[in-house]
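Asks:
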Amino acid sequence: MTDNTTDKEDIAELLVYLGRAARGVDAGSDLTAAQWTAMRFFARANHFSRTPSAFSSFHATTRGTASQIIKFLMLKGYLVRHGAVDDRRSVRLDLTSSGKSIMRNDPLCNLTEAIGKLEGKQRKALQQALPALAGELAKIRDTVAFGTCGNCRHFSCCGAVSYCACVGAELAPADLGCLCINFAASEGPKSGARKAAMPSPRSKETL
Ligand code: SF4
756 MTDNTTDKED IAELLVYLGR AARGVDAGSD LTAAQWTAMR FFARANHFSR TPSAFSSFHA
816 TTRGTASQII KFLMLKGYLV RHGAVDDRRS VRLDLTSSGK SIMRNDPLCN LTEAIGKLEG
876 KQRKALQQAL PALAGELAKI RDTVAFGTCG NCRHFSCCGA VSYCACVGAE LAPADLGCLC
936 INFAASEGPK SGARKAAMPS PRSKETL
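At the far end of the sequence shown sits residue 962, using this note's numbering, and the numbering has no gaps.
1. Fully enclosed by the region 843-930, which alpha helix (DSSP H) runs are 4 residues long or longer?
2. If contacts are defined as beta-carbon pairs under 8 Å, then residue 834 and residue 798 qualify, I think. What distance do you get, rounded to the angstrom?
3. Is the CB-CB distance between residue 934 and residue 901 below 8 Å?
4. Between the C-alpha atoms of residue 827 and residue 820, what's the straight-line distance to the nearest angstrom?
5. Are there any heavy atoms of the ligand SF4 lying less than 7 Å away from the beta-carbon of residue 922, as far as the coordinates show?
6. Tell me residue 837's beta-bridge partners as DSSP assigns them.
7. For the ligand SF4, is there a heavy atom less than 7 Å away from the beta-carbon of residue 801?
8. Going by DSSP, which residues form a beta bridge with residue 940?
9. Return the first residue and the last residue of the alpha helix (DSSP H) that residue 805 is part of.
10. Residue 898: beta carbon under 7 Å from a heavy atom of the ligand SF4?
11. Suppose you measure from the CA of residue 873 to the CA of residue 880; what does that come to, to the nearest Å?
12. Which residue marks the beginning of the alpha helix (DSSP H) containing residue 702, and which one marks its end?
13. Any contact between the region 804-819 and the region 855-866? By contact I mean 3 or more CB pairs, one from each, below 8 Å.
14. By how many angstroms is the C-alpha of residue 761 removed from the C-alpha of residue 936?
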């Protein structure tokens, strides 16, 4: 395949178009696109990534804007704030039962349905290409690339036991498909792999 500038621009335009089109329908909800993004993030992130600063990195916005979005969702009763078990100054956000309930109206469901109609090979190709693309964009912008355990260099598996070298702990099966702010792409030589700039999972979080 040729390295054609127009091809690259076409793909970039299509990605932006898909993002806008997928968010264009609010299914009768009063949430904005940014508020839906927050709801999805806190529904899909693992427990040490469900923080305001991780969300601001994921949403590529300022900490102040992220806090405003989170406060609104807490006022609506969709998110609840918990202190970390080992530190009351740390914050973790979870969906409430109302929050889980409105996720059934997520406008992204239409895009999910459309992806489900693709052939298996096309879906697999997208599944491989999109995380790689997100990683390249993060490198160019010198920011965090979110990902899941299966593609992470901190992850190892021995029989039924899954382990994360970043937090030094075994992982529960439910953690494996979750978004993680400590993700580091496993591609390339591990010793020379670039470590993403990211806040410590133990940094203090307040709203
Ligand atoms: S293995 Fe990687 S993605 Fe999984 S919890 Fe650890 S740092 Fe996060």
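We put the CB at the ideal spot given by N, CA and C, even for glycine.
Replies: Looking at the atomic coordinates:
1. 852-857, 864-871 and 875-896
2. Indexing the sequence shown from 1 puts residue 834 at position 79. Indexing the sequence shown from 1 puts residue 798 at position 43. Going by Cβ atoms, the distance from residue 834 to residue 798 rounds to 10 Å, so no, they are not a contact pair.
3. As a working note, residue 934 is residue 179 in the sequence shown. As a working note, residue 901 is residue 146 in the sequence shown. It is a contact, given that the beta carbons lie within the stated cut-off.
4. As a position in the sequence shown, residue 827 is number 72, starting the count at 1. As a position in the sequence shown, residue 820 is number 65, starting the count at 1. Going by the C-alpha atoms only, they are around 11 Å apart.
5. For the purposes of this step, residue 922 is taken as the residue at position 167 of the sequence shown. Yes, the beta carbon of residue 922 sits closer than 7 Å to at least one heavy atom of the ligand SF4.
6. Numbered from 1 along the sequence shown, position 82 holds the residue referred to as residue 837. Paired residues: 847.
7. Along the sequence shown, read from residue 1 onward, the residue named residue 801 stands at position 46. For the ligand SF4, at least one heavy atom lies less than 7 Å from the Cβ of residue 801.
8. For this step, residue 940 is matched to residue 185 along the sequence shown. In DSSP, residue 940 forms a bridge with 907.
9. Sequence index remark: in the sequence shown, residue 805 carries index 50 (1-based). Segment: none, residue 805 is in no alpha helix (DSSP H) and carries neither H nor E.
10. For this step, residue 898 is matched to residue 143 along the sequence shown. The answer is no for residue 898.
11. Residue numbering aside, residue 873 sits at position 118 when the sequence shown is read from its first letter. Residue numbering aside, residue 880 sits at position 125 when the sequence shown is read from its first letter. Using only the alpha carbons, I get a separation of about 11 Å.
12. With the chain running from 756 to 962 in the structure shown, residue 702 is simply not present.
13. no
14. Against the sequence shown, residue 936 aligns to sequence position 181. Against the sequence shown, residue 761 aligns to sequence position 6. Approximately 33 Å between the Cα atoms of the pair.
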